[in-house]
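Enquirer: In our numbering, the protein residues as written are 34 to 563.
Ideal Cβ placement from N, Cα and C applies to all residues, glycine included.
Here the structure is a predicted model, which means the values were calculated and not measured.
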Ligand code: G4P
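(1) Taking only the alpha-carbon atoms, compute the straight-line gap between residue 468 and residue 454 and give it to the nearest angstrom.
(2) Look up residue 105 in the DSSP assignment and say whether it is helix, strand or coil.
(3) Can you find at least 3 beta carbon pairs, one from the region 59–68 and one from the region 105–121, that sit closer than 8 Å?
(4) Which stretch, first to last residue, makes up the alpha helix (DSSP H) that contains residue 245?
(5) Taking only beta-carbon atoms, is residue 256 less than 9 Å away from chain B?
(6) Would you call residue 503 buried or exposed, if buried means 16 or more other Cβ atoms sit within 10 Å of its Cβ?
(7) What does the Cβ neighbour count give for residue 407, buried or exposed, with the cut at 16 atoms within 10 Å?
(8) Between the Cα of residue 162 and those of 184, 485, 193, spot the shortest distance and give me the residue it belongs to.
(9) Would the region 422–439 count as touching the region 365–380 if we require 3 or more Cβ pairs under 8 Å?
(10) From what residue to what residue does the alpha helix (DSSP H) around residue 365 run?
(11) Is the beta carbon of residue 526 sitting closer than 9 Å to the one on residue 456?
(12) As a quick exercise: from 331, 350, 445, 58, pick the residue whose alpha carbon is nearest that of residue 310.
(13) To which residues does DSSP link residue 503 through a beta bridge?
(14) With distances taken from CA atoms, which of 115, 43, 34, 145 is nearest residue 50?
(15) Mind the definition here: the region 276–287 touches the region 38–50 only if three or more C-beta pairs lie below 8 Å; say whether that holds.
(16) Does the separation of the CB atoms of residue 461 and residue 520 fall below 9 Å?
(17) Would DSSP call residue 145 helix, strand or coil?
(18) From residue 452 to residue 459, what does the alpha carbon distance come to, in whole angstroms?
(19) Does the distance from the CB of residue 319 to the CB of residue 397 come in under 9 Å?
(20) What do you reckon, are the CB atoms on residue 166 and residue 135 nearer than 9 Å?
(21) Tell me whether the region 498–512 and the region 430–450 touch, counting them as touching only if at least three CB pairs, one residue from each stretch, are closer than 8 Å.
(22) Is the beta carbon of residue 177 less than 9 Å from the beta carbon of residue 207?
(23) Going along the chain, which unbroken runs of the beta strand (DSSP E) with 3 or more residues stay wholly within the region 439–472?
(24) How long is the line joining the alpha carbons of residue 52 and residue 437, rounded to whole angstroms?
(25) Less than 9 Å separating the beta-carbons of residue 352 and residue 287?
(26) List the whole-angstrom C-beta distance separating residue 189 from residue 195, where the pair is believed to meet the contact cut-off of C-beta under 8 Å.
(27) Please classify residue 37 as buried or exposed, where buried requires at least 16 other C-beta atoms within 10 Å of its C-beta.
(28) Given a cut-off of 9 Å on the beta-carbon distance, is the pair residue 385 and residue 402 in contact?
(29) Excluding the 5 residues flanking residue 441 on each side, which residues of the same chain have their C-beta closer than 6 Å to its C-beta?
(30) For ligand 1, is there any heavy atom lying closer than 8 Å to the beta carbon of residue 51?
(31) Report the option in 343, 328, 358, 344 whose CA atom is closest to the CA atom of residue 390.
(32) In this structure, how does DSSP classify residue 581 when only helix, strand and coil are distinguished?
(33) Who are the Cβ neighbours of residue 154 in its own chain at under 7 Å, not counting the five residues just before and after it?
(34) For residue 416, does the three-state DSSP call read helix, strand or coil?
(35) Where do the ends of the beta strand (DSSP E) carrying residue 432 lie?
(36) Please report the residue range of the beta strand (DSSP E) in which residue 188 lies.
In structure tokens:
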């Protein structure tokens, strides 16, 4: 197969959801369709268990196992599909954000009873920054939940997505009879735990067909007819260009656990989802079809289990062909490197690969050479964009608890931040360091790793902060005034970029009001102004 055919075959996406909406279950069903796993439960057993929050070593151990499910690949209808796992556990949200920089599209899973939840909002927000095309899957239709139209409204309002339903339920909970697939004009009748082959799929081009009444009963048939009429009147028709531009999100409904409605979505996904998309660097746009190889590191997995000390850097291939044992250029370090054991991830297995193509994710064993965002090329100096840092949600001052080991502490913090474990900000007024994380657990992880890997001790001190926002201002006078007035709140991130550490949303709003010429950004790359 030619390289071009290989690229056109690939679809790389992530599933985003709030914990418990059914992401793992859906992933598993998708893998079953692709034959990548043989039985349900294979992915689930690798999932970070939700009850383990109190014991971070336990979580880290589980995270070690879950590295095997970080990327799962399967083939379906001649396409090679790469699913990037976006851990839903609340303590790994920053990892999750960054993983979304390596996907070309996303599937958003929503629990029909719970509707749009907090983490879904955050993750969809990250996808929107890059106009990532999104498909919505409303899950758990076998349970009683919110009214379908109310839920669509909620998705539009809370997630800011323009939606277009492509499948619609007939009843829900006990009365759930199946879905009408608007994309294919098919009625798919529900059977709990049904194997897909056993599902009754009937082509119904015209909804006035009496076959519908026969199959679901007159009342449900009438209801469906009026709901579909409303959908066609109120919602836009599917338009692939708009979907690809991130402007329209098709909606599917189903029940992942019953493997119902999943195939309809997958069949549509392989038809409409984008192939590997171009990536952007400071220097230029990279087209996936270019001959020369390029890729970037979007995630680093360090195992704190002393028996498995290896780090794995996750490389997203952006152009050309990546080959094993070939010299590539590590742009930031300005040196050549080659990799003798690059691995691909096939469901629960890891395999050494000889070559990989745009859209693929390759795991590289790393002894500390990589930082998040690093680029590898065939020699061109390219600096990848679109891999920003996001505002942490929890902050603490970090103090040195062992003055004899200050060098080790500085080195340890530096390296852990490069790995993307958390972010460090240095206050301008007193040079004190503040660590910011998404989940509180990361503080313990950092303390533990500093001790065990660097021999350094640290202590934390509480600091009440709301957000870190990156500051930009083209007007030198306005910036100077801002710097003077807000001196107390200013810090720099690890790349020396100016950051305001806002104590509250009120303080942030005041700063915005008082300094209209200053731009406040929620990410380090200045894509999302607030
Ligand atoms: P997550 O990865 O998004 O966190 O969700 P996960 O797939 O683990 O699903 C969360 C819970 O919801 C699981 O139940 C799962 O069985 C259930 N679930 C998933 N899809 C459906 C569905 O379509 N209908 C219904 N009724 N339930 C669904 P659990 O009891 O928390 O875990 P388990 O004991 O089943 O593993």
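Expert: Per the coordinate set shown:
(1) About 10 Å.
(2) Reduced to three states, the DSSP call for residue 105 is strand.
(3) Taking a contact to require three or more Cβ pairs closer than 8 Å, the region 59–68 and the region 105–121 qualify as touching.
(4) Residue range 243–249 is occupied by the alpha helix (DSSP H) that includes residue 245.
(5) Reference to chain B is not applicable here, since this structure consists of a single protein chain.
(6) The residue is buried, with at least 16 neighbouring Cβ atoms inside 10 Å.
(7) Buried, because 16 or more other Cβ atoms sit within 10 Å of the Cβ of residue 407.
(8) The shortest C-alpha separation from residue 162 is found at 193.
(9) The region 422–439, when compared against the region 365–380, does not touch it at the 8 Å Cβ threshold.
(10) For residue 365, there is no enclosing alpha helix (DSSP H), since its DSSP letter is neither H nor E.
(11) Yes, they are a contact pair.
(12) Of the residues 331, 350, 445, 58, the one whose Cα lies closest to the Cα of residue 310 is 350.
(13) In the DSSP output, where bridge partners are listed per residue, residue 503 has 532, 554.
(14) Closest by C-alpha distance to residue 50, out of 115, 43, 34, 145, is 145.
(15) Two segments are said to touch when three or more pairs of C-beta atoms, one from each, lie closer than 8 Å; by this definition the region 276–287 does not touch the region 38–50.
(16) Going by C-beta atoms, residue 461 is nearer than 9 Å to residue 520.
(17) It is coil, neither helix nor strand.
(18) Whole-angstrom Cα-Cα distance: 18 Å.
(19) Between residue 319 and residue 397, the gap from beta carbon to beta carbon reaches 9 Å or more.
(20) Taking 9 Å as the Cβ cut-off, residue 166 and residue 135 do not qualify as a contacting pair.
(21) Between the region 498–512 and the region 430–450 there are fewer than three C-beta pairs closer than 8 Å, too few to call the two in contact.
(22) Judged by their CB atoms, residue 177 and residue 207 are nearer to each other than the 9 Å cut-off.
(23) The DSSP assignment places complete beta strand (DSSP E) segments of no fewer than 3 residues inside the region 439–472 at 456–460, 466–470, in order along the chain.
(24) The straight-line gap from Cα to Cα measures roughly 43 Å.
(25) Not a contact, by the Cβ cut-off of 9 Å.
(26) In this structure residue 189 is in contact with residue 195, their Cβ atoms being roughly 7 Å apart against a cut-off of 8 Å.
(27) Burial call: exposed.
(28) The Cβ atoms of residue 385 and residue 402 lie no closer than 9 Å to each other.
(29) Result list for residue 441: 487, 488, 489, in chain order.
(30) Correct: residue 51 has its Cβ closer than 8 Å to ligand 1.
(31) Among 343, 328, 358, 344, the Cα nearest to that of residue 390 belongs to 328.
(32) This structure cannot speak to residue 581, because the chain is shown only from 34 to 563.
(33) For residue 154, where only same-chain residues beyond five positions count, the Cβ hits under 7 Å are 191, 192.
(34) Three-state result, residue 416: coil.
(35) Residues 427–433.
(36) According to the DSSP assignment, residue 188 belongs to no beta strand (DSSP E) but to the alpha helix (DSSP H) extending over 181–192.
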